[in-house]
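Here is the structure we will look at.
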Amino acid sequence: MSEEKHEYESDHIAVSFYPNRCNHIGRCVRLLKEVFNPDHKPWVNLEDADIEAVCRTIEQCPTGALQYQRLDGGEDETAPDVTTIKTVKNGPFFIHGNIELLDEEGNPLTMNKRIALCRCGRSKNKPFCDGTHKKYH
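Just add 15 to the spot in the sequence shown (first one is 1) and you have the working numbering.
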């Protein structure tokens, strides 16, 4: 599966953003607006960023739309020992763990640590949640 991906990099960290997975919960913006600011271009600014804060913030992204790789020898994100699935009233399934998502033929769609899967059936990016459910609830 080919996905749109935007990359942002500093000497310390590489941040990947998958816009089709983002359902605009806004946790990144609320937690670290000096780095994640949709009013600026580019919207991810790693200049003078506290790298540990960037990592902690990205790990709070429930959809996996934001991901990081440490370039400075720091530790990359690790999946929890137990995979969890959280339901959200009138929202997606949030899955956190070592996830390998397969299509109906058993082909890999993605391997990730965090994803949000559509429950309403209205997403334009199935099986991922794109936030469309918000228009109906």
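C-beta: ideal position from N, C-alpha, C; glycine also.
How many whole angstroms separate the CB atoms of residue 87 and residue 145, which I take to be in contact at a CB cut-off of 8 Å? Within the sequence shown, residue 87 is the residue found at index 72, counting from 1. Within the sequence shown, residue 145 is the residue found at index 130, counting from 1. Contact flag wrong, Cβ pair sits at about 33 Å.
Residue nearest to residue 116 in terms of C-alpha spacing, selected from 97, 92, 141: Within the sequence shown, the letter at position 101 stands for residue 116. Looking at the Cα atoms, 141 is the closest of the given residues.
8 Å CB neighbourhood of residue 124 in its chain, flanking five on each side removed: Within the sequence shown, residue 124 is the residue found at index 109, counting from 1. Around residue 124: 16, 116, 117, 118, 142.
So if DSSP puts residue 127 in a beta bridge, which residue, or which two residues, is it bridged to? Translated into the one-based positions of the sequence shown, residue 127 becomes position 112. 114, per the DSSP bridge assignment.
Whole-number beta carbon distance between residue 66 and residue 28, since they are thought to touch under 8 Å: As a first step, residue 28 must be located in the sequence shown, where it is residue number 13. As a first step, residue 66 must be located in the sequence shown, where it is residue number 51. About 5 Å separates the two Cβ atoms, so the contact holds.
With 16 other Cβ atoms within 10 Å as the buried cut-off, status of residue 82: Mapped onto the sequence shown, residue 82 falls at position 67. Classification for residue 82: buried.
In the region 28-115, which residue ranges form an unbroken beta strand (DSSP E) of at least 3 residues, counting only runs that do not cross its ends? 28-32, 81-85, 99-102
I believe residue 78 touches residue 134 by the beta-carbon criterion, under 8 Å. Please report the beta-carbon distance rounded to the nearest angstrom. Residue numbering aside, residue 78 sits at position 63 when the sequence shown is read from its first letter. Residue numbering aside, residue 134 sits at position 119 when the sequence shown is read from its first letter. About 13 Å; that fails the 8 Å criterion.
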